[in-house]
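Enquirer:
Residue numbers (mature numbering (1 follows the signal peptide of the UniProt record, and there is no 0)): -32 to -1, 1 to 241.
#1: Mind listing, in chain order, the continuous alpha helix (DSSP H) runs of no fewer than 4 residues lying wholly within the segment 75 to 132?
#2: Taking the alpha carbon of residue 123 as the point to measure from, which residue in 114, 129 and 214 has its own alpha carbon closest?
#3: What residues in its chain sit with their C-beta under 7 angstroms from that of residue 82, if we drop five residues either side in the sequence?
#4: If the criterion is Cβ atoms closer than 8 angstroms, does the pair residue 94 and residue 235 meet it?
#5: State the DSSP-derived secondary structure class of residue 56, mapped to helix, strand or coil.
#6: When the Cα atoms are used, what is the spatial distance from residue 237 to residue 228?
#7: What does the alpha-carbon distance come out to for the pair residue 145 and residue 39?
#8: Roughly how many angstroms lie between the CA atoms of residue 51 and residue 13, to the nearest whole one?
#9: Any idea which residues DSSP pairs residue 215 with across the strands?
#10: Locate the beta strand (DSSP E) running through residue 48, then write down its first and last residues.
#11: Excluding five sequence neighbours on each side, which residues of the same chain lie with their C-beta closer than 6 angstroms to the C-beta of residue 61?
#12: Determine the burial state of residue 120: buried for a count of at least 16 other Cβ atoms within 10 Å of its Cβ, exposed for fewer.
#13: Mapping DSSP to helix, strand and coil, what is residue 12?
#14: Taking 7 angstroms as the limit between beta carbons, can you name the residues of its chain near residue -2, skipping five residues before and five after?
#15: Relative to the C-alpha of residue 193, which residue among 128, 26, 71 and 131 is closest?
#16: Considering only the alpha carbon of each residue, which of 155, 201 and 215 lies closest to residue 49?
#17: Apart from the five residues just before and just after residue 226, which ones in its own chain have a Cβ nearer than 7 angstroms to its Cβ?
#18: Since residue 142 is in the beta strand (DSSP E), which residue starts that stretch and which ends it?
#19: Could you pull out every residue in the same chain whose Cβ sits closer than 6 angstroms to the Cβ of residue 69, ignoring the five residues on either side in sequence?
#20: Quick check: what's the CA-CA separation for residue 63 versus residue 101?
#21: In the structure shown, what three-state DSSP assignment does residue 22 receive?
#22: For the ligand SAH, I want to know if residue 152 counts as a neighbour, meaning its beta carbon is within less than 7 angstroms of at least one of the ligand's heavy atoms.
#23: With DSSP collapsed to three states, give me the class of residue 30.
#24: Below 8 angstroms on the Cβ atoms is my contact criterion, and I expect residue 232 with residue 127 to pass it. Report the Cβ-Cβ distance as a whole number of Å.
#25: Assuming residue 230 is part of the beta strand (DSSP E), what are its boundary residues?
#26: In whole angstroms, what separates the C-alpha of residue 58 from that of residue 106?
#27: DSSP three-state call for residue 61: helix, strand or coil?
Right under this line is the structure:
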């Protein structure tokens, strides 16, 4: 794909993760070995993060869809979907065979997070990952909100996009007896997960303008960009390494234990053709 970069130079960009990462400032580029080992569904998700322009990026649970070059009549990347259907689209685009292993289907044309959560729990299409230190790129984290009345949606799901890093100096919120493991994630969401999230907006005027737009396409008001993005979250683990909670990576993030969010992580059982 040809892309014009600052300075007027045109370069040929291969849709490789380390190149897209360098262009967008998503962190240090992945090594060639890491890039080669990336599951195809995660590579496609990375391509959406790297190539979806802000004007084509939205969170929507009304007639949700994604598009990318190669789709019928599509010439650019477009995201207008919610968290669970973004995950489903990535698995389908990768011909992973994961979606076909789910045993329930809430909607006519797609699955709900209420299908994905039990699939991880029962290990239908996933192998359960219990320990935070065992997380790998391409794993799926999914949680249901236990206090449904406090939320407009039943839960959330996302892709793990890095190896976990145990924080030698835990950050707030600190929970006694629990270690913190930070990972990069990719999701489609109504909110950024950290200040270095690709959706985070630092400009105060733009944050106010985003907030003023209010609810759009079934989403909540947010000062940040909505849609697909890449940011950081923290998993909290006990002395045995078992996952006991989650917090986003903002300074004033809240800790959510298993009594608040029913958090599961699964490794997809890939059955590619």
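Backbone N, C-alpha and C fix where the C-beta goes; we use that ideal spot for every residue, glycine too. No experiment lies behind these values; they were computed from the predicted model shown.
Expert: In terms of the structure at hand:
#1: For secondary structure counted as the alpha helix (DSSP H) over 4 or more consecutive residues, the segment 75 to 132 holds these complete runs in sequence order: 81 to 89.
#2: Walking along the chain shown from the start, residue 123 turns up at place 155. Nearest option by C-alpha distance: 114.
#3: Along the chain shown, one-based indexing puts residue 82 at 114. Cβ within range, chain order: 74 and 122.
#4: The count along the chain shown starts at 1 and reaches residue 94 at position 126. The count along the chain shown starts at 1 and reaches residue 235 at position 267. Yes. Within cutoff.
#5: For the purposes of this step, residue 56 is taken as residue 88 along the chain shown, with counting starting at 1. When DSSP states are grouped into helix, strand and coil, residue 56 belongs to the helix group.
#6: In the chain shown, residue 237 corresponds to position 269, counting from 1. In the chain shown, residue 228 corresponds to position 260, counting from 1. For residue 237 and residue 228, the gap between their C-alpha atoms comes out near 28 angstroms.
#7: Position 177 of the chain shown, counting from 1, holds the residue named residue 145. Position 71 of the chain shown, counting from 1, holds the residue named residue 39. Residue 145 and residue 39: Cα-Cα distance of roughly 49 angstroms.
#8: Locating residue 51 in the chain shown gives position 83, counting from the first residue. Locating residue 13 in the chain shown gives position 45, counting from the first residue. Looking at the two C-alpha atoms, the distance is approximately 12 angstroms.
#9: Within the chain shown, the letter at position 247 stands for residue 215. 202, per the DSSP bridge assignment.
#10: For the purposes of this step, residue 48 is taken as the residue at position 80 of the chain shown. Unbroken beta strand (DSSP E) run through residue 48: 46 to 49.
#11: Your numbering for residue 61 matches position 93 in the chain shown. Answer for residue 61: 12, listed in chain order.
#12: Taking the chain shown and counting its residues from 1, one reaches residue 120 at position 152. Flag for residue 120 reads exposed.
#13: For the purposes of this step, residue 12 is identified with residue 44 of the chain shown, where counting begins at 1. It is helical.
#14: Sequence index remark: in the chain shown, residue -2 carries index 31 (1-based). Reliability fails at residue -2, whose pLDDT of 45 lies under 50, so the model's placement of it is uncertain and the value that follows must be treated cautiously. Correct list: empty, nothing qualifies.
#15: As a position in the chain shown, residue 193 is number 225, starting the count at 1. It is 26.
#16: Within the chain shown, numbered from 1, the residue matching residue 49 stands at position 81. Comparing alpha-carbon positions, the option among 155, 201 and 215 lying closest to residue 49 turns out to be 155.
#17: On the chain shown, position 258 is the one that residue 226 refers to. The residues 212 and 213, in chain order, have a CB closer than 7 angstroms to that of residue 226 in the same chain once the five nearest residues on each side in sequence are set aside.
#18: The count along the chain shown starts at 1 and reaches residue 142 at position 174. Residue 142 -> no beta strand (DSSP E), and no H or E assigned at all.
#19: For the purposes of this step, residue 69 is identified with residue 101 of the chain shown, where counting begins at 1. Residues 92 and 93 of the same chain have their beta carbon placed closer than 6 angstroms to that of residue 69, with the five preceding and five following residues left out of the count.
#20: Numbered from 1 along the chain shown, position 95 holds the residue referred to as residue 63. Numbered from 1 along the chain shown, position 133 holds the residue referred to as residue 101. Rounded to the nearest angstrom, the two C-alpha atoms are 28 angstroms apart.
#21: Start at 1 with the first residue of the chain shown, and residue 22 comes out as number 54. Shown here, residue 22 sits in a helix according to DSSP, grouped into three states.
#22: Questions concerning the ligand SAH fall outside what the structure shown contains, since it holds no ligand whatsoever.
#23: Taking the chain shown and counting its residues from 1, the one referred to as residue 30 is at position 62. The answer is coil: DSSP assigns residue 30 none of H, G, I, E or B.
#24: Stepping through the chain shown from its first residue, residue 232 is reached at position 264. Stepping through the chain shown from its first residue, residue 127 is reached at position 159. In this structure, residue 232 and residue 127 do not form a Cβ contact; the two beta carbons are roughly 14 angstroms apart against a cut-off of 8 angstroms.
#25: Position 262 of the chain shown, counted from the start, is the residue given in the question as residue 230. Counted as a single uninterrupted DSSP element, the beta strand (DSSP E) harbouring residue 230 occupies residues 229 to 236.
#26: One-based indexing of the chain shown puts residue 58 at position 90. One-based indexing of the chain shown puts residue 106 at position 138. Rounded to whole angstroms, the gap between the alpha carbons of residue 58 and residue 106 is 11 angstroms.
#27: Within the chain shown, the letter at position 93 stands for residue 61. Residue state, collapsed to three classes: helix.
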